[in-house]
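2 protein chains.
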Amino acid sequence: MGITIIGYIAGTLTTFASLPQLLKSLKERNMENISLAFVVTFTTGLTLWLIYGILRNDYPIIVFNILSLMFWIPITYLKIKDVLENKGSKSELIT
Amino acid sequence: MGITIIGYIAGTLTTFASLPQLLKSLKERNMENISLAFVVTFTTGLTLWLIYGILRNDYPIIVFNILSLMFWIPITYLKIKDVLENKGSKSELIT
C-alpha cells in the first residue's frame, strides 16, 4: 500500500509541477529561456505515454498524461508562437 | 511487444527532452522565464519516482528517473541561483 501511495504522490508532483510554469508563461508571454526542443520533445513523449496507457488500459498513466498534456500543449503553443514572432532568434529552431 | 516499445520510446522522449533545456540554461545562464515552483516541484517528484522504482525493483523507472534527475538537479540549481542573485525578483519565490 505504502509504495503505491508514493507512486501517486510522485505522479501528482511531476504532473502539477507544470501548472505554475503554464501560469507564469501565460502571464509573462515571454518564452525566451525555455528550449523549443525541450517543449516539443516533452509534449510528444507525453502523447506517446498517453497512447501507451490507453493500449495497456492503465488508468493512472492515462489520467496523469491527459493532465500533463493540458499544461504542456499550451506551453508548447506559446513557445512556438514566440519563436515565429521573434524572427531574430531563428537559431532557436535548432536549440 | 509493440506496446512495451511505445513505453520505452515515450520514456526516452520525456527523459531526454530535458537535455536541450539544460544545455540552453548552461549556455545562456538566464532562467527568468522558467518557474521556480515548476523546477522545484518537478525535481521533488522525480526523486519520489526514483524511490518508488527502487522500492518496486522496477529498473526502467529507476533508470529513466536517474537520467531525468541528472538534467533537472542542475536546472533547479541554476534557477535557485538566479533567483537568489536577482534580489529584484523576489516575487519569484511565490511563482
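Line by line, the protein sequences give chains A and B.
Residue numbering for the first sequence follows full-length UniProt numbering, starting at 1 and increasing by one per position.
Residue numbering for the second sequence follows full-length UniProt numbering, starting at 1 and increasing by one per position.
Virtual Cβ for every residue (Gly too), placed ideally from N, Cα, C.
Under 8 Å by beta carbon: chain A residues contacting residue i
| i | result |
| --- | --- |
| B:Asn86 | The premise fails here: B:Asn86 is roughly 13 Å from chain A at the closest Cβ pair, so nothing lies under 8 Å. |
| B:Leu26 | Correct list: empty, because the minimum Cβ distance to chain A is about 11 Å. |
| B:Leu78 | Those within 8 Å of B:Leu78 in chain A number zero; the least Cβ separation is about 10 Å. |
Three-state secondary structure assigned by DSSP to residue i
| i | result |
| --- | --- |
| A:Ala17 | coil |
Listed by chain order, chain B residues near residue i by CB distance under 9 Å
| i | result |
| --- | --- |
| A:Trp49 | Ile6, Gly7, Ala10, Gly11, Leu13 and Thr14 |
| A:Phe64 | The premise fails here: A:Phe64 is roughly 11 Å from chain B at the closest Cβ pair, so nothing lies under 9 Å. |
| A:Pro20 | Ser35, Leu36, Ala37, Phe38, Thr41 and Thr95 |
Residue i: contacting residues in chain B (beta-carbon distance under 8 Å)
| i | result |
| --- | --- |
| A:Asn30 | Glu32 and Asn33 |
| A:Leu67 | What A:Leu67 touches in chain B: nothing, since even the nearest Cβ is about 13 Å away. |
Residues of its chain near residue i, where Cβ-Cβ distance is below 7 Å and the 5 sequence neighbours each way are ignored
| i | result |
| --- | --- |
| B:Phe64 | Gly11 and Thr15 |
| A:Glu25 | Note that residue 25 of chain A is Ser in the sequence shown here, rather than Glu. Excluding sequence neighbours, A:Ser25 sits near Met31, Ile75 and Leu78. |
| A:Leu67 | Thr15 |
| A:Phe42 | Trp72 |
Nonlocal neighbours in the same chain, by C-beta distance under 8 Å from residue i, ignoring five residues either side
| i | result |
| --- | --- |
| A:Ser18 | Ser68, Phe71, Trp72 and Ile75 |
| B:Tyr59 | Gly53 |
Buried versus exposed, by CB contacts within 10 Å (16 or more), residue i
| i | result |
| --- | --- |
| B:Leu48 | buried |
| B:Tyr52 | buried |
| A:Gly2 | exposed |
| A:Leu84 | exposed |
| B:Ile34 | buried |
Chain B residues whose Cβ lies nearer than 7 Å to that of residue i
| i | result |
| --- | --- |
| A:Tyr52 | Ile3, Ile6, Gly7 and Ala10 |
Beta-carbon neighbours of residue i, restricted to chain A and to distances below 7 Å
| i | result |
| --- | --- |
| B:Thr44 | Leu13 |
Next item on the list: Report the residue ranges of all alpha helix (DSSP H) runs contained in full by the segment 30–79 of chain B; include only those spanning at least 4 residues, in chain order.
Entry: 36–56
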